[in-house]
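Residue numbers for the sequence shown follow the working numbering, so the first one is 254 and each next one is one higher. Accompanying notes for the structure given below.
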Amino acid sequence: MSKNKLEDYTEAEFLAFITKIFDVDYGTEQLVDDAVSEFEHLTQHPDGSNLIYYPKDNNDDSPEGVLERVKKWRAKNGLPLFKK
Numbered sequence: 254m255s256k257n258k259l260e261d262y263t264e265a266e267f268l269a270f271i272t273k274i275f276d277v278d279y280g281t282e283q284l285v286d287d288a289v290s291e292f293e294h295l296t297q298h299p300d301g302s303n304l305i306y307y308p309k310d311n312n313d314d315s316p317e318g319v320l321e322r323v324k325k326w327r328a329k330n331g332l333p334l335f336k337k
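Set out below in structure tokens:
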């Protein structure tokens with residue numbers, strides 16, 4: 254998707270991006286790695302890709318669950334969310 258900031262995405266676009274990572278819907282392993290790196294850059298969440306691959310106990314491990322944790326953490330830290 255290659256947008257520079259999380260706030261360049263609508264919530265629906267970012268959910269689609271997370272879902273694509275979950276579905277490994279990329280042509281090569283390098284493209285998957287690039288998408289995960291982009292996710293880490295965009296979210297700025299300290300857990301990074303662990304949100305996707307190693308969620309903490311009792312966390313919803315679906316794309317929607319990851320999205321909710323990103324939103325909650327960014328709001329708590331005063332970081333912007335999605336464009337309308």
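Even glycine gets a Cβ: it sits at the ideal position worked out from N, Cα and C. Please read all numbers here as calculations on a predicted model, not as lab measurements.
- In the same chain as E293, and ignoring 5 residues on each side of it, the C-beta atoms closer than 8 Å to its own belong to G301, S302, in chain order.
- For S290, the three-state secondary structure derived from DSSP is helix.
- Residue state for N311 is assigned as coil, using DSSP reduced to three classes.
- By the C-beta density criterion, P333 is exposed, having fewer than 16 other C-beta atoms within 10 angstroms.
- Excluding the 5 residues flanking it on each side, L268 has same chain C-beta neighbours closer than 8 Å at P316, E317, L320, in chain order.
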